[in-house]
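The UniProt record's numbering puts the first residue of the sequence shown at 1, with every later residue one more than the last.
Here a beta-carbon is modelled for each residue, glycine too, at the ideal position from N, C-alpha and C.
Please read all numbers here as calculations on a predicted model, not as lab measurements.
One structure below.
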Amino acid sequence: MAPVLCTCTTCRKHTITINGVSVRGQQIDSSNRLKHEKRDHKAVLAASSSTLAAATTQALRTRDGPQQPDSSHSQSEKRKGPKDIFFSTTSIVEMAALLVAWLHLRALLSRSAANMLLCAIEAMLSMFIQLVQSALRASGFDVNLPTIELPHDVRSTYMHCSLEPELVRTACCPKCFSNFQRPIPWRCEWKSSPRSRPCNTPLWKLKNTQHGPKWVPRCLYTTQSFDSWLQFFLSRQVIEDSLQETWNRHRTSRCFAAMGSDMNDVQDSPVWQGLYDSVQSPYHLIFAIYIDWFNPYTNKIAGKKASSGTIMLYCLNLPPHLRYRPENTFLVGITPSPHAPNTTTISHLLDPVTSSLSKYNTGCSVPTGQHPNGVDTTVKAVPLVADLEANNKVSGFLAHSATMYCSFCLSTLDQIEDLNFQAWTKRNELEDLRQEVAEHDSEAAEAMETMYPPDSPSPSNTTADSPSPTTPTQPLPISDMDIDDPHDPDFIPPLSLETPPFEFSDDQLQIIRNCIENVTLPTWVQRPPINLGDPSHGKLKAHEYLTLFTSIFPLIIPEFWSHADATDNDQQHLQCFHYLVSATNIIASFSTSFDKADSYMHHYIAYRAAIQHLFPHFPSKPNHHYAMHNGDLMKRWGPLPSLSEFFGERVNGMLQSTKTNRRINKHLNENTGDLDLTMLRQYSRRARLEAMLYDRSRPGVKTLSNILNYRPHTDLASNLLTGPEEAEILHHAPKLDDEEYTALLHYLQHNGCLIRHWMDLPHPANSNILPTRARRPLQIQHKEQTFSCQRSHTGNSGILFYDPLSQHRTNGFIEKILQLPVQSRLRTFIFVHLHRTLPPQDEERAPFINYPGFKARIFDSQPGDEIVITEPDHIITHLTTIRRSAGTYGIDKETLVICTGLDRGRK
């Protein structure tokens, strides 16, 4: 009979090794183990009986007292009654309150439902306490347990959990947005210039309340207190540690981009190092300011239309994985809807920002977690992250329909086709300032008007619902606002739409739509509309454009221009498309360098030259010119995705999803509710809640944070496992077959891991032995992305990874995932089935070898025979793939085209 492990009170004093894991116990016969278990069970019953008898006797004595009825001690015991037991209910109350607050803020549970949930949780907890109390009393313990009291309104939980932000509400004009402190005049007295008429907009309105009519300010501008937020920001341990890490990194391991070093973040850029060189401590903070407008009603075409503006600061001193989290950003305020400010009135909304930051220019003492008595803190707001509309309004430059439309150089509209960027005259900041002062002093408003083309809209007439082009600080110039003026002598009318110079045929358009529908995409990538080209899907978003041009179009569009009957015009279109995709991949990358910036300029200038040749009757747009400055921006600021609007757009989406009363006066066209107040307050509450869950610094929060998974980037493999934890993992795991075991052992030994085969007996003392069992999950989470076996999710299974054995990058699909303890750490091993390569003569039929900028390659649709083992840290990116039928590119078998465009240089 095979021996079994016994862990009784006697045998557990010994230690043995099973499958390389040290456990307490001793191997004996199963019959002897049964005897040992019965012996321990009898001992436990005897101890329990004696304890219960003693407790019962004591309880009876306490209840009935001694036999002497005249004892004063007995009388005092009777007067005392049930004994009160006190224990802290703070953790229980806080966990329940935080859970309901999370459901209200994150899961968008309604307020009424949240209030009912609070009452239900309180009732269940109270019932549980009563059951425990009744059980104790039935056992002879006459005790009183404390009661559980929860807030009955979710708004009270915010105060209870310290989630309320400090907000400031200021009366402002609904037309010009001028701010007014008390006493507030009846009408707005602001003038755009000394000679102009006052705004004269009424600032008060009569509001019906439950106590009768009441005069209230017509419009209020809500902002968040920067002083209060900064104390909250610096009170967190993770923030101070990150600031210190950035400070130490800058002093010890600087990036020399001018000497060819890669820049992986704005902190590696020359501009950052120029700003940070003068910094004297980690508490000298540099913020980027983000400004953008959005429709709070989320609709794109029909329905209510309004404009709300987001003004936000985020700290560039933080590492990227913390920088853009909501709890680490400062939402200054939301501009009152429904109107957007113009180039003049925007300054009224920015006044609270400038006044809040100006006091920190020379330093101000702020208490922090490590310095409760205060530490000298300075704040600077340097880069402006905005789309073209907000950029022109905030910085004061003209709209891109103006003659001098560019904010980077002095090119005029008639020079828009010029590709010799080295001959352009760059703007000088000091000269621009002098010119602005001179124009202001000389009342040059009329002269400014002459710089606009005839009948063109001024920046003040731009609405938030018009297309919002991107600034040169954004990776992709997608939409544009240029308006062709037929009265302009330089205007070239486009060709008639009846005879376009180029268009996809109906069959080609259907092939593209089929590709969008059938392409394998990971779950973190949103699939673009499968009816692309149909107006019904509305305006595409920036990330949808990016997905199309980097990961989907390179799979299918080269087929249209690369075949046996391809003409010279087809080849030119293919080359032009390759230039565009190459430039897009470079500028969308999270890693750049001076060489990559030069490569971007090479591809983009070639692309512009190609479209000028292919489409001579279509003039360039200002966005084409703006993108010519991206090379210089990359050399100065590093990878532009670090300063893109993608994060801000996500914040706009969060604000749009906030539940509000959505009230707007159709006749006065003004906000009659507190729409901006609700969005700002709910976002700030959510940020503080997420900070609390992330920090886990309060009692009861850690357990709730683990349930809600608020440390997605934490590597669980770094935690050491105890012997019982390893035994628990292996006990429930299936066995490895011989092929899997041998492959794992070979992989570990060739990567420097000192580990032995379990059959290599005898084992030396304290040797590491590879276990024979492993978990088999269908998917894993790594760096906030899901990687799955092919049978679980095809899109999550295709990966580009680094093979540590061959030291090359290769690709394939995940066949299986194994998890097992190795050297007291839980490690994950991924078995990847490599793609089968085509014969060279077949692969050369496709254009991908000659056009590497597509980041695509063609393979046999049947998988190869080779299986490679890798680990999550070696995965570079997911793949996008599409199967193509036999005959594609003249290849007489079914093929698989893959694209690595999702690799944006994050590795």
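Contact belief for residue i with residue j at Cβ below 8 Å, rounded distance in angstroms
{"i": "alanine 609", "j": "leucine 419", "result": "6 Å"}
{"i": "leucine 655", "j": "tyrosine 683", "result": "6 Å"}
{"i": "leucine 105", "j": "arginine 686", "result": "4 Å"}
{"i": "arginine 688", "j": "leucine 163", "result": "5 Å"}
{"i": "threonine 89", "j": "isoleucine 148", "result": "6 Å"}
{"i": "proline 821", "j": "glutamate 726", "result": "4 Å"}
Cα-Cα separation between residue i and residue j, rounded to whole angstroms
{"i": "proline 372", "j": "lysine 393", "result": "40 Å"}
{"i": "cysteine 6", "j": "isoleucine 729", "result": "19 Å"}
{"i": "alanine 97", "j": "serine 196", "result": "55 Å"}
{"i": "phenylalanine 801", "j": "lysine 816", "result": "15 Å"}
{"i": "serine 308", "j": "leucine 580", "result": "34 Å"}
{"i": "methionine 759", "j": "leucine 770", "result": "10 Å"}
{"i": "isoleucine 16", "j": "alanine 765", "result": "11 Å"}
{"i": "leucine 103", "j": "leucine 109", "result": "6 Å"}
{"i": "valine 238", "j": "serine 401", "result": "46 Å"}
{"i": "glutamine 267", "j": "histidine 835", "result": "38 Å"}
{"i": "isoleucine 552", "j": "proline 616", "result": "28 Å"}
{"i": "phenylalanine 397", "j": "phenylalanine 408", "result": "10 Å"}
{"i": "leucine 540", "j": "glutamine 612", "result": "25 Å"}
{"i": "valine 385", "j": "serine 395", "result": "11 Å"}
{"i": "asparagine 248", "j": "histidine 284", "result": "13 Å"}
{"i": "serine 358", "j": "arginine 251", "result": "27 Å"}
{"i": "leucine 313", "j": "threonine 223", "result": "13 Å"}
{"i": "leucine 495", "j": "tryptophan 229", "result": "Low local confidence applies: a pLDDT of 41 at leucine 495 is under 50, so the model's placement there is unreliable, with the coordinate-based value given in what follows. In a straight line, the C-alpha of leucine 495 is about 56 Å away from that of tryptophan 229."}
{"i": "residue 909", "j": "methionine 404", "result": "Nothing in the structure corresponds to residue 909, since the chain is present only between 1 and 907."}
{"i": "arginine 12", "j": "leucine 117", "result": "47 Å"}
{"i": "proline 198", "j": "tryptophan 215", "result": "23 Å"}
{"i": "serine 242", "j": "histidine 602", "result": "38 Å"}
{"i": "histidine 14", "j": "phenylalanine 831", "result": "38 Å"}
{"i": "histidine 543", "j": "isoleucine 530", "result": "15 Å"}
{"i": "leucine 206", "j": "glycine 212", "result": "10 Å"}
{"i": "glutamine 26", "j": "methionine 692", "result": "46 Å"}
{"i": "isoleucine 28", "j": "leucine 721", "result": "27 Å"}
{"i": "histidine 667", "j": "proline 202", "result": "Below a pLDDT of 50, predicted positions are generally treated as unreliable, and histidine 667, at 40, falls in that range; the measurement from the model is reported next regardless. Each residue's alpha carbon lies about 16 Å from the other."}
Beta carbon of residue i nearer than 7 Å to that of residue j
{"i": "threonine 810", "j": "proline 872", "result": "no"}
{"i": "serine 792", "j": "glutamine 779", "result": "yes"}
{"i": "glycine 369", "j": "glutamate 245", "result": "no"}
{"i": "leucine 879", "j": "isoleucine 898", "result": "yes"}
{"i": "histidine 782", "j": "phenylalanine 813", "result": "no"}
{"i": "leucine 736", "j": "threonine 772", "result": "yes"}
{"i": "serine 337", "j": "leucine 675", "result": "yes"}
{"i": "leucine 548", "j": "proline 528", "result": "yes"}
{"i": "leucine 509", "j": "glycine 533", "result": "yes"}
{"i": "alanine 856", "j": "leucine 818", "result": "no"}
{"i": "isoleucine 586", "j": "tyrosine 600", "result": "yes"}
{"i": "glycine 700", "j": "glutamate 327", "result": "no"}
{"i": "aspartate 695", "j": "arginine 236", "result": "yes"}
{"i": "phenylalanine 226", "j": "serine 356", "result": "yes"}
{"i": "threonine 550", "j": "glycine 901", "result": "yes"}
{"i": "alanine 113", "j": "threonine 157", "result": "no"}
{"i": "histidine 874", "j": "leucine 805", "result": "no"}
{"i": "asparagine 652", "j": "phenylalanine 128", "result": "no"}
Residues bridged to residue i (per DSSP)
{"i": "alanine 381", "result": "Phe287"}
{"i": "methionine 312", "result": "Tyr290 and Leu331"}
{"i": "isoleucine 867", "result": "His833"}
{"i": "methionine 263", "result": "Thr592"}
{"i": "asparagine 208", "result": "Pro213"}
{"i": "leucine 818", "result": "Phe829"}
{"i": "asparagine 342", "result": "Per DSSP, none; premise fails for asparagine 342."}
Residue-level contact to chain B via CB, residue i, 7 Å cutoff
{"i": "proline 734", "result": "Looking at the structure shown, chain B is missing, and only one protein chain is on hand."}
Self-check item: Three-pair Cβ contact test at 8 Å for the segment 587 to 603 versus the segment 634 to 643
Solution: Yes, the segment 587 to 603 is in contact with the segment 634 to 643.
Quiz item: Are the segment 554 to 574 and the segment 888 to 900 in contact at 8 Å, needing three or more beta carbon pairs?
Solution: Judged by Cβ distances under 8 Å, the segment 554 to 574 makes contact with the segment 888 to 900, as three or more pairs qualify.
Quiz item: How do the segment 514 to 521 and the segment 618 to 625 stand: do at least 3 beta-carbon pairs fall below 8 Å, yes or no?
Solution: With the cut-off at 8 Å, the segment 514 to 521 and the segment 618 to 625 do not touch.
Quiz item: Any contact of the segment 837 to 846 with the segment 747 to 755, i.e. 3+ C-beta pairs under 8 Å?
Solution: Between the segment 837 to 846 and the segment 747 to 755, the count of Cβ pairs shorter than 8 Å is below three; the stretches do not touch.
Quiz item: Quick one: any contact between the segment 285 to 297 and the segment 315 to 332, if contact means 3 or more CB pairs under 8 Å?
Solution: Segment contact: the segment 285 to 297 against the segment 315 to 332, three or more CB-CB distances shorter than 8 Å; contact assigned.
Quiz item: Taking three-plus beta-carbon pairs below 8 Å as touching, is the segment 134 to 152 in contact with the segment 173 to 192?
Solution: Flag = no, the segment 134 to 152 and the segment 173 to 192 do not touch.
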